[in-house]
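Asker:
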Amino acid sequence: MSWLTSWGDYFPQLLDGLKVSLLLTGGALVVGLPLGLLLALGVQAKRRVLRFPALLVVEVGRGAPALVILQFAYFGLPAAGLVLSAYAAATAALVWGVAAYTSEIFRAGLNAVPAGELEAADALGMTRRDRLRFVVMPQGLRIALPALIGIAILIFQSTALAYSIAVRELLSQAYSIGSSNFDYLSVLTLAGLMYAAVSIPATWLTIGLERRITARS
Amino acid sequence: MDVLRALVSGVPLTLGVTACAFVLGAVLAVPVLLMLRSRVLGVRVLARVAVDLVRGIPPVVWLFILYFGVTFGGWQFSAFNAAVVGLGIISAAYLTEIYRGALRGIHVGQWEAGQALGLSGMTMFRSIIGPQAWRIALPTVATYAISLLKDSSIASVIGVTDVMFNATAETRQGENGLVVLGIAAAVYIVLSVPLAVVSRMLDARMRAAVAR
Chain A
43 MSWLTSWGDY FPQLLDGLKV SLLLTGGALV VGLPLGLLLA LGVQAKRRVL
93 RFPALLVVEV GRGAPALVIL QFAYFGLPAA GLVLSAYAAA TAALVWGVAA
143 YTSEIFRAGL NAVPAGELEA ADALGMTRRD RLRFVVMPQG LRIALPALIG
193 IAILIFQSTA LAYSIAVREL LSQAYSIGSS NFDYLSVLTL AGLMYAAVSI
243 PATWLTIGLE RRITARS
Chain B
69 MDVLRALVSG VPLTLGVTAC AFVLGAVLAV PVLLMLRSRV LGVRVLARVA
119 VDLVRGIPPV VWLFILYFGV TFGGWQFSAF NAAVVGLGII SAAYLTEIYR
169 GALRGIHVGQ WEAGQALGLS GMTMFRSIIG PQAWRIALPT VATYAISLLK
219 DSSIASVIGV TDVMFNATAE TRQGENGLVV LGIAAAVYIV LSVPLAVVSR
269 MLDARMRAAV AR
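Chains A and B, in that order, give the protein sequences. Heads up: the first sequence runs through residues 43 to 259, numbered per our numbering. Heads up: the second sequence runs through residues 69 to 280, numbered per our numbering.
1. Going by beta-carbon coordinates alone, are A:Ala-122 and B:Leu-246 separated by less than 8 Å?
2. Would you kindly report the start and end of the unbroken alpha helix (DSSP H) that includes A:Phe-53?
3. My understanding is that B:Leu-216 touches B:Ser-159, with C-beta atoms under 8 Å, so please give their C-beta distance in whole angstroms.
4. I'd like to know if A:Phe-117 contacts chain B, where contact means its C-beta is closer than 8 Å to some C-beta of that chain.
5. By DSSP, does B:Phe-132 sit in helix, in strand, or in coil?
6. Using only the alpha-carbon positions, how far apart do B:Met-274 and B:Ile-204 sit?
7. Given a cut-off of 8 Å, decide if A:Met-236 and A:Leu-81 are closer than it, judged by their beta-carbon atoms.
8. So, at 7 Å on beta carbons, what are the nonlocal neighbours of B:Ala-235 in its own chain, with the 5 sequence-adjacent residues on each side left out?
9. Following the continuous alpha helix (DSSP H) through B:Glu-165, name the residue where it begins and the one where it ends.
10. Give the single residue among B:Thr-211, B:Tyr-162, B:Phe-233, B:Ala-89 whose Cα lies nearest to the Cα of A:Arg-104.
11. Determine whether the beta carbon atoms of A:Leu-97 and A:Ala-115 lie at a separation below 8 Å.
12. Can you name the residues of chain B whose CB is closer than 8 Å to the CB of A:Val-102?
13. Counting only C-beta atoms, is B:Pro-126 closer than 8 Å to chain E at any point?
14. Below 8 Å on the Cβ atoms is my contact criterion, and I expect A:Gly-182 with A:Val-155 to pass it. Report the Cβ-Cβ distance as a whole number of Å.
15. Taking Cβ positions, are B:Leu-171 and B:Leu-270 nearer each other than 8 Å?
16. List the endpoints of the continuous alpha helix (DSSP H) containing B:Met-232.
17. Can you give the beta carbon distance from B:Asp-120 to A:Ile-197, rounded, assuming they're within the 8 Å contact cut?
18. Using a C-beta to C-beta distance shorter than 9 Å, which residues of chain A count as neighbours of B:Ser-106?
19. Which of the three DSSP states is assigned to A:Phe-224 in this structure?
20. CB-CB under 8 Å to A:Ala-244, same chain, minus the five flanking residues each way: which ones, in chain order?
21. Which ranges does the alpha helix (DSSP H) cover as unbroken runs of at least 4 residues, wholly within the region 173-203 of chain A, from first to last along the chain?
22. From B:Gln-200 to B:Tyr-162, what distance separates their C-alpha atoms?
23. Drop a sphere of 10 angstroms on the beta-carbon of A:Ala-165, count the other beta-carbons inside from all chains shown, and report buried for 16 or more, exposed for fewer.
This is the structure in structure tokens:
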């Protein structure tokens, strides 16, 4: 019972942290998703000037650990004259992650549109831009949706790493309570359950969407 | 060059955490998979809840719970053990799903043929289902191992002196963060290249040897 009463005391402060975690996730998605789509187009571009930088951004973003990218944004960029607040650095690092991971998903989704659809668009005399906008995008994005939500969950979980650069998100709130009263196990467990309470329903959502999409095709 | 040497000196611990956690996860995933496929509803539900809960909580939170939270009398986990057990449990949850997907990928006819021949469950698994499931699972398992290698960097926040830990330490001592963390990223990418090559090679070769 003692856990439940102390959880009642901890909950408001942890909720503040959860809000920061969710805001970080939201910000990273809003900026990162359009960038991911651009990178997907860039990686497939015919011109090398577009293709190589896009490939570099994607491969480093996916190949390096999230923690390295986070520390890079906070401790590395100042060496290049760009000083970011902890919150801005965390957002920048997460944006990079979102853009790199989703570019691959966008690419797979856009390529999954049947060739017949493209031929039909050409037969109707559509320009390449119209074909992309009215035929490829609507279908490709629908195919990509479940995987995109999967990435959103991954990004939400990696906001916990922002603890290491002192962003006041959920884990850092829990840790600061723990280090003041040494009730680590109880407060960290509550924090863990709060992360799970967001990620698990989101996982169910992706499973449901996947089933609906496979049922349609 | 000193920076490079400092980072490379963390490689054995990075690989150590990754390898130990991977082995722990790969072994632990087997009983969990059996529980997920159990005939008893209660066992199935228990395993499902456990897998979802493990995957629903971020890895760094698991490491914190084990390292700071778990104490028996005066005993507590060392940083290395907390990292291995935490990442091992998480790997078990993910690998369970990968194994399960592989079993699903085997044609129903293979099970039916085994039954028609009157093979016992154990024999059927060992000589028909197992070898094929292994081939389907291996490339995905290799991909998972790469992401585990990257996640092992999280062990640095509880004080395991791996590549990431040394990178952070060098940066805090006033080395150019751009350079240090750039090298750290390169070290992790280079470490994952052999796994990526193996995974790509296996993918093509292994899939050819599964009945459809």
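Where a beta carbon is used, it is the ideal one built from N, C-alpha and C, also for glycine.
Answerer: Once the coordinates are examined:
1. yes
2. Element bounds for A:Phe-53: 44-85.
3. The Cβ separation is near 6 Å, so the contact holds.
4. So, interface residue.
5. helix
6. 7 Å
7. no
8. Taken in chain order, the residues that qualify are Leu-75, Val-248, Leu-249, Ala-252.
9. 147-172
10. B:Thr-211
11. no
12. Ala-253, Ile-257
13. The structure shown contains no chain E; its protein chains are A and B.
14. Right, the Cβ-Cβ distance comes to about 5 Å (below 8 Å), so this counts as a contact.
15. no
16. 231-240
17. Actually they do not touch by this definition, with Cβ atoms about 19 Å apart.
18. Per Cβ cutoff of 9 Å: no residues; B:Ser-106 is ~21 Å from chain A at best.
19. coil
20. Ile-191, Ala-194, Ile-195, Phe-198
21. 179-200
22. 20 Å
23. exposed
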